[in-house]
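Participant: Quick one: the structure is below, questions incoming.
Put into structure tokens, the structure is as follows:
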């Protein structure tokens, strides 16, 4: 059986709510003081960069999460 969730330490994030008439993202910035643990369903992860994990969210929105750790460690968690 494959795992469905991974534990990550996530912090500040940007929520993409929609697009404006010029096709630019309408983004809400959320800044937090520290990272906190979160279980993330692997099926919600759309991409991982050196700074952000992009996940889908309710009502067609997306979230760019800052994460604690390095890219290679996150990559291994996602690909296991």
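Numbering (the numbering used here), first residue to last: 0 to 79. Every residue gets a Cβ at the ideal spot worked out from N, C-alpha and C, and that includes glycine.
Just to confirm before moving on: does the CB-CB distance between residue 55 and residue 43 stay below 7 Å?
Facilitator: yes
Participant: Pick helix, strand or coil for residue 72, following the three-state DSSP scheme.
Facilitator: Residue state, collapsed to three classes: helix.
Participant: In angstroms, rounded to a whole number, what distance separates the CA positions of residue 52 and residue 24?
Facilitator: 17 Å
Participant: Using the three-state DSSP reduction, which class does residue 48 fall into: helix, strand or coil?
Facilitator: coil
Participant: Run through DSSP, which three-state label would residue 77 get?
Facilitator: helix
Participant: Whole angstroms is fine: what's the gap from residue 38's alpha carbon to residue 3's?
Facilitator: 10 Å
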